[in-house]
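Residue numbers (the numbering used here), protein chains in the order written: chain A, 1 to 769; chain B, 770 to 1025; chain C, 1026 to 1209; chain D, 1210 to 1402; chain E, 1403 to 1755. We put the CB at the ideal spot given by N, CA and C, even for glycine. Since we're looking at a predicted model, the values are computed, not measured. Read through the structure below, which is laid out as structure tokens, and then see the notes.
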Amino acid sequence: MESIINRINQQKFWSFHGGVHPPEQKTLTNQKPIKPLSLPEQLIIPLQQHIGRQGDLLVQVGDHVLKGQPLTKSTNPMAVPVHAPTSGTITAIKHSVIAHPSGLSELCIFLNVDHQDTWVERTPCNDVATLTNQEIVKKIADAGISGMGGAGFPTHIKVDTKPDINFLIINAAECEPYITADDLLMCEHSESIVDGIKILNKLLNPAFILIGIEDNKPKAIEALKKATAGIEKIHVCVVPTEYPAGGEKQLIQILTGKEIKSGTLPIKEGIIMQNVATCYAISEAILHDTPLIQRVVTVTGQALEKPQNVWALLGTPVHYLLSQCGFDNQGMEKTPVIMGGPMMGFSLPTDTVPVIKTTNCILAPSYKEMPSAFEGNSAEVECIRCGQCADVCPTNLLPQELQWSAKAKDYPQLNKLNLSDCIDCGACAYVCPSHIPLVQYYRIAKAEIRQQQQQELKAEKAKARFEARKQRLEKEKRARELKHKKAAEARKAAMNKATPEATEAKSAVAAALARVKAKKAANQKSPSSSAISAPVETTENQDNKKAQVAAAIARAKAKKQAKPAPEIDAKENAKVEPSNTDSKKAKIAAAVAKAKAKKSQEKAPIQGQEQNQEQTDSLSLADKKANAIAKAKAKALAKKQASSNNDSSTASDLTIASTAESEPAIDEKDAKKAAVIAKAKAKALAKKNKESNTDNKVSEKNTVNVEPRKVQNTSETSTINDTNNISDKDAKKAAIIAKAKAKALAKKKLATQSVSEEKTMHEQEKGAK
Amino acid sequence: MTDTSSTVNHNIDDNNEQPQKEAANYDEYKELAIQGLWKNNPGLVQLLGLCPLLAVTATVTNAIGLGLATLLVLLCSNITVSAIRHWVPKEIRIPIFVLIIAAFVTCVQLLMNAYTFGLYQSLGIFLPLIVTNCAIIGRAEAYASKQPIKQAAFDGLMMGLGFALVLIVLGAIREILGQGTLFDGANLLLGDWASSLRIEVLELNSDFLLAILPPGAFIVMGFLIAIKNAIDNKIKEKNTINEDKVIERVRVNFDS
Amino acid sequence: MTLLIAILVFGLIAALFGALLGYASIRFKVDADPIVEQIDAILPQTQCGQCGYPGCKPYAQAVADGEAINKCAPGGEDTIKKIADLMGVEAEPLDESHEKDNRPKVAFIIEEDCIGCTKCIQACPVDAILGAAKQMHTIIADECTGCDLCVAPCPVDCIEMRVVPETTQNWLWDLNSIPVQQID
Amino acid sequence: MTDYLLLLVATVLVNNFVLVQFLGLCPFMGVSSRTETAIGMSFATIFVMTVASLLSYLVTTYLLVPLNIEYLTTMSFILVIAVVVQFTEMVVHKTSASLYRLLGIFLPLITTNCAVLGVALLNLRSHHNFFESIIYGFGASVGFSLVLVMFSAMREKLANADVPTPFKGAAIAMITAGLMSLAFMGFTGLVKL
Amino acid sequence: MAFWIASSPHNHNQQSTSSLMRLVIFAAIPGIIAQWYFFGWGNLIHIGIAMITAMLCEFIVLSLREKRITEQLFDGSALLTAMLIGICLPAFAPWWITVIGTIFAIAIAKHLYGGLGHNPFNPAMTGYVMLLISFPLQMTTWQPPISLMEIELSFSNTLTTIFTGFTIDGYSVEQLRTSIDGVTMATPLDTLKTSITMGLTVSETTQSSVFGEHFAVGWEWVNLAFLLGGIFLISKKAIAWQTPVSFLLSLFLCSLIGYTIVPDSSASTMFHWFSGATMLGAFFILTDPVTGATSAKGRLIVGLLAGLLVYLIRVFGGYPDGVAFAVLLCNMSAPLIDQYTRPRTYGHSKDLS
């Protein structure tokens, strides 16, 4: 380390690989003093002006705020507050385009300036020594200071006491060709900057403090040397001008010869870097209790009449700055306005973008001085691998290979080529004879790689959750099976005591259950298993639980594939809610109706099979028709709530009424559809009949029950709802259903138009035989 | 290339006249023919058997000779492999197939040595190298070992034809470009009478040696493949009736 | 006689080599191929079933067994490329039957329409939906993989897939998409 | 000694198996899309070809010729090769799982790599003695490996090139191989044996 | 008035590919003039034919591929290729040689790979080598330096020779190639090779008039002129210095070793430097960035390899000059070399913990 200092004392420095010398344009602005701007009418203050998170809002629309009053509060270490740059009234808090290359909007506070410029109460501190380090760090945090060089990293985190700091490097290199903001700040406020450095010294207690400054700022060097004259620890290091000497890693390499390992921070090597402007802000915050509400901005470019440095309040819209400096559009149709320097800045999509904490320059070039800024990417031709980019790359990458891989989206290769070490300095694109926007390609690739990494993380998480869920389901399934068994036993017992009618049903149920089990054993996924399970449940409708079970059945039907789950669900439902009077039932019914409507047009064959068993043995054509209608109705059930009545025999009336209410067509179509289903069913049934006699028997037994049961079911459900007040919610639901139905119907129409009702019934009859 | 495509059509036409009851078979054979001659051509698409393909195609005669030899071996090996497919243990099937092929190759070798000695000499080691023509072992493994004899034989025939056709086309192009002739040295294959088959296609005052030399073989082959791709693309463009395939989605939930 | 010798020699060679290989197969025995795990690691774990398999792992298994590698729609080209690399085969374009819109989406429940049926909860392969029976449900956007399996089961159509909005955090540097506005 | 060296140079460069003699083209086209794979394949091939040429020499000299059953040359060679390959496959599978995965289906395909059988047959034809056979086999496989690795590096670069659609894939690879072969013509006459 | 959106950096040093290409073409002019001075109009005519063919070919391919014709057609790369082919060809080669070679170079070696920037092989050398192995006869009809020629050769004579094979007066190419002393002339490299094969020593061979006072009549000056152009290019930073330097060094070392071991059958180091296409290859062909190695280390290796290959082919190979082959072989190995000579990225040192 001593040898490093020796070299520094001899003004001998290291150098970094590559680098370029874009034409200097600092003379446009570096001879004029910093001009204080008059207050604009409106300030737009983005809540987030740095890397990290935004703070929580402290103010509301309509509030009157004073200059320096905090507008947000930081609840997170990575958040820093923003302050009112002047006094005024908050007129809006809304999304507005912020200073970001994407041109996207973020939450901003709109402050109407009252031109009073009234300060909040401040408590200046005359002696830093009286403050503890914690207090200083807290003050820095409260003042909302974040790195002012470019990245905007919250300063209070960076300066929080860390052991063994070898070098505190003050970055005054300002290598971008146009920017002179730091230069002038150093000329005019070198004392304050040194005060800031002293505070940092107190906080970090580094072995050495190096101020890295490029040799093209003689006045600033002079001023700094004068201000630091008596302090032995501080070395003003004048380094040769070369872009990008101001990059963190580059400046470290120039001054100390050390390389920072990829992916680590300089602090690992005992090095901390701060920008001069940040030092100034720190001294202002600690000594004068002035939060970060304004900064020096270089407004430059040959498109301006009076390019100069200005003290701009944070939140000042760019158009105000431009108009203050005499912006001339040179008769061009489109003019770029760049925030930041020509090498790393980004073009602004709109002039309402406000100045933020990291804004050091607004550049409005003329076509003559920067034609490539006006050309977009149109001049790009193929890479000829001339290697000039590799020669100038400060991190010794192979830009042309990166470019190939980036275009091909070969991310593993990009990682192999260390794309992540690219600092976006733009030196490669500056020299590229093929005018390839290399940096742009890298940025896109970097963003995509980042996104991919996030996705991979997410995938990992999803996998874990999926596995966990699978395990849980497995467990639940086992538990349910157990429960199921018990419930079946209980039911058996209950049925033994029931009416003869029920007894009859019971035997059917028993048979059905047996079948279910057999089938399940044979093929768990077989669609018929749910079809069979449905009747099993239905028989229970004779009980009070009818409504719920009906719903469950409907749901089961709606399922595309018969699976054990719904069956169990239904039972659980039944158990949980013995009372019919729950208004939620209506919801379920409605949902069911919808699901049915939706699925039926796609899944007609399957459903057909399911419903088959209930329908096969209908006694007469008329009955069948009624049945079909009733079934169709079940779907539209929820709607009927309004007009439903208790009598089961009037079910058909009901239906018609309800349908008429919504859309007369529905009924007809539904019936038609049901007919189609029946037809499909008939065919399947013929087969089935052959297969098992038991099946037939059961259905026969059920037959008598089935029809009335269905209707009853319908009416029961409606009754339930009737007893309740028909709430607003219900009405809404009905509306939703109606909507869904209408949708489904449109589809159905196409599918079933050609099939006539009569024919279907005929077929059905055949099937029954 | 037009040779190949027209053959495909020809085949289809032939098969079209077959009676209805053989429809299933017909489809299968048609598919086999298309696969062998065009879609999955061993030379152009699978890029198998490249070595002889490039090495012996300096003249059409050589190409035909090797093409026929390969066809023969492919046919026989497919039949044999299919015939014994039930008795071959899975683990050692490859060595067995290779040995079967090697046996046939040896037969062919001896035959050619006896009847077409000139050609036998000019084909050199590429005759025994038919053994390692991946196209043959590939067919044996991928098709013949799983199909009945009839289909396997037909498949062998079609694949062999496809391969031979590429050989001949390549040989013709290279011979015309390089020497300006066709069927030069046909007498080696067919006996002395065939020397009259020699056709002078182009009269060049200086031969385009590149075509005969190894680089030419690669480049002409590259162009053949590209032409095939181009034709395929054209056909594809014509048939861009977008059939909406329905995605059959499988749910993870209820039965897990 | 020669024939006999030939057969004898071949038998001898075969026996010799057979013994050698037999020994080698015991000496150099290798455990099962972990390729399925590797493929599974590449897949995006949306468990969406668009590949025709119930979940990512089964598809990984299927790929290892020779299924086409181009069936993972959520993974898109990139996943296909990675699998192709892993399997040592040529990458192919995404199966045509899949829709091309590959923007990341998350499910969104229109809460006023939700009736609390829990069907979506059952459908969600990664437990990203919160809610109890008869209570309004909501989706944890961070956990949602965008598989859209919950959309179909919803009886009231209250779930829709929404494209994840672009923010400054997930912006992908597409300069062409920036709307340029007039300066005064 | 010089003779052996010249033989080696001649096999590697002048009569390069792939580019001049058209042997081993299937793996040359198949395993050359990535450099790592190509390098793995190279090592496997070098091993197999050297051993195979050695063994085939032994088989010819001590079995086929004395017993006067030379017509079985092809069959016995292919048997030898098959066994060597199978053996290599097992060893690779055991020792380097990643290499095994990379080589994938190509390891068994060395069996049908005409270069291996070719080298044995060519040895026989040019009446090489024992050492010549080994050197010839080794040289041939080194030559094969050299162009294979170069070719794979070129193909990796070409993967991103804006090649006209019909030429994408195999066609441009063929043409590249052709141009490589063109370059190798420069070695013609380098060694006069 | 709207804003422009562009990506940073917003300024540029205003260099362009086409200006680079133009620079290389200009730098070759001294060499071409020297060639014209010593060998007459032949190569100039070939350059002309090649350029016309190249532009036509480029235009056709670009329009077939629906590319931006105006920019790519005039980026100068096709002209540079054509110029190099023209320089390399024997002066009396028939016109169709040039046409075929140029078409091969532009259509196959360049555009099949996607055009400028994508071609793995130097198009000019690919075309040249293709001609060399396809038409060995025409490609070795070298013309002796004018000073040694029996028949005076005017522009129109050269033109008719190229297009018809005979001068206006009816002399055939063979007659033209016969020098004053009645011997058919070849290039010095060719002569050397032939005579060494015949068992002559180098010193005996160099008695031949084609070698002149120094190394080779005419050739030495042509090479010197290309060297001049090359140095100009390096000073302009249009080409990287590593390739030519390491190439020349490698060739120098190889010939030095050869000369030290067997002085009787080895030509001098300077002969290798200043005959054949050494300088042209060193500064104008090997330095083609598209087909060469990209990193500095890689360029050094490529140069060394090329020098070795040129020497090997010249001394042991079947062809008199090996520059074109060496270039193609180096192009072939460049991607591999690139893969193993990537510079260490900042922050990736092994020393860093």
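Contact note: Val1292 (chain D) reaches chain C through Phe1042, Leu1045 and Leu1046, using a C-beta cutoff of 8 angstroms and chain order.
For Val1088 (chain C), no pairing in a beta bridge is given by DSSP. Only those residues of the segment 1382-1399 of chain D whose C-beta falls short of 9 angstroms from the nearest C-beta of chain B are listed: Ala1382, Met1383, Ile1384, Thr1385, Ala1386, Gly1387, Leu1388, Met1389, Ser1390, Leu1391, Ala1392, Phe1393 and Met1394. For Gly212 (chain A), the enclosing beta strand (DSSP E) starts and ends at Phe208 to Glu214. Where Val867 (chain B) is concerned, the enclosing alpha helix (DSSP H) starts and stops at Arg862 to Tyr884.
Cβ atoms of Pro244 (chain A) and Gly387 (chain A) stay farther apart than 8 angstroms, at about 19 angstroms. With fewer than 16 neighbouring CB atoms inside 10 Å of its own CB, Asp127 (chain A) falls in the exposed class.
Contact between the segment 1444-1457 of chain E and the segment 1478-1493 of chain E is present, with at least three C-beta pairs closer than 8 angstroms. Between Lys261 (chain A) and the set E:Ile1454, E:Gly1683, E:Ser1751 and E:Met1600, the nearest pair of CA atoms involves E:Ser1751. The beta carbon of Leu979 (chain B) falls within 8 angstroms of a beta carbon belonging to chain E, placing the residue at that interface. Sequence-ordered contacts of the segment 1254-1277 of chain D with chain C read Val1268, Leu1272, Leu1273, Leu1276 and Asn1277 [C-beta pairs closer than 9 angstroms]. Neighbours of Gly991 (chain B) in chain D, taken as residues whose beta carbon is under 9 angstroms from its own, are Phe1376, Ala1379, Ala1380, Ile1381, Ala1382, Met1383, Ile1384, Thr1385, Ala1386 and Gly1387 in chain order. Residue pairing by DSSP places Met148 (chain A) in no beta bridge whatsoever. The C-beta of Gln1230 (chain D) comes no closer than 8 angstroms to any C-beta of chain C. For Asp1212 (chain D), no chain E residue has a C-beta closer than 9 angstroms to its own C-beta; the minimum C-beta separation is roughly 15 angstroms. Ile1164 (chain C) and Ile157 (chain A) have their C-alpha atoms roughly 35 angstroms apart. Going by DSSP, Leu837 (chain B) is part of the alpha helix (DSSP H) stretching over Val829 to Ala852. Residue state for Asp56 (chain A) is assigned as strand, using DSSP reduced to three classes.
Ala1362 (chain D) does not reach chain A, its nearest Cβ partner there being about 13 angstroms away, counting only Cβ pairs nearer than 8 angstroms. Leu1399 (chain D) is not a Cβ neighbour of Phe1649 (chain E), given a cutoff of 8 angstroms. At a Cβ-Cβ threshold of 8 angstroms, Cys383 (chain A) and Cys428 (chain A) do not count as neighbours. Pairing Leu819 (chain B) with Gln1230 (chain D), the inter-Cα distance amounts to about 12 angstroms. Residue state for Cys1656 (chain E) is assigned as helix, using DSSP reduced to three classes. When DSSP states are grouped into helix, strand and coil, His1337 (chain D) belongs to the coil group. By alpha-carbon distance to Val850 (chain B), the top candidate from B:Tyr912, B:Gly834 and B:Ala838 is B:Tyr912. One Cα belongs to Trp1643 (chain E), the other to Glu269 (chain A), and the distance between them is close to 37 angstroms.
Under the 10 Å beta carbon count, Ile1553 (chain E) is surrounded by fewer than 16 other beta carbons and is classified as exposed. Taking a contact to require three or more Cβ pairs closer than 8 angstroms, the segment 303-315 of chain A and the segment 37-45 of chain A qualify as touching. Taking a Cβ-Cβ cut-off of 9 angstroms, the neighbours of Ser1285 (chain D) in chain C comprise Val1034, Phe1035 and Ile1038, given in sequence order.
Cys279 (chain A) places its beta carbon 8 angstroms or farther from that of Ile145 (chain A).
Look at Gln1295 (chain D) here: in three-state DSSP terms it is helix. Contact annotation for Tyr1280 (chain D) against chain B: Thr875 and Leu879 [CB-CB distance below 7 angstroms, chain order].
Here DSSP, grouped into helix, strand and coil, assigns Thr123 (chain A) to coil. At a C-beta separation below 8 angstroms, Leu1222 (chain D) has no neighbours in chain C, since its nearest C-beta there lies roughly 30 angstroms away.
The DSSP assignment places complete beta strand (DSSP E) segments of no fewer than 3 residues inside the segment 299-382 of chain A at 308-313 and 361-363, in order along the chain. The beta carbon of Ala303 (chain A) sits closer than 8 angstroms to the beta carbons of Phe327, Asp328, Asn329, Gln330, Thr335, Ala364, Pro365 and Ser366 from its chain, once the five residues preceding and following it are set aside; these are given in chain order.
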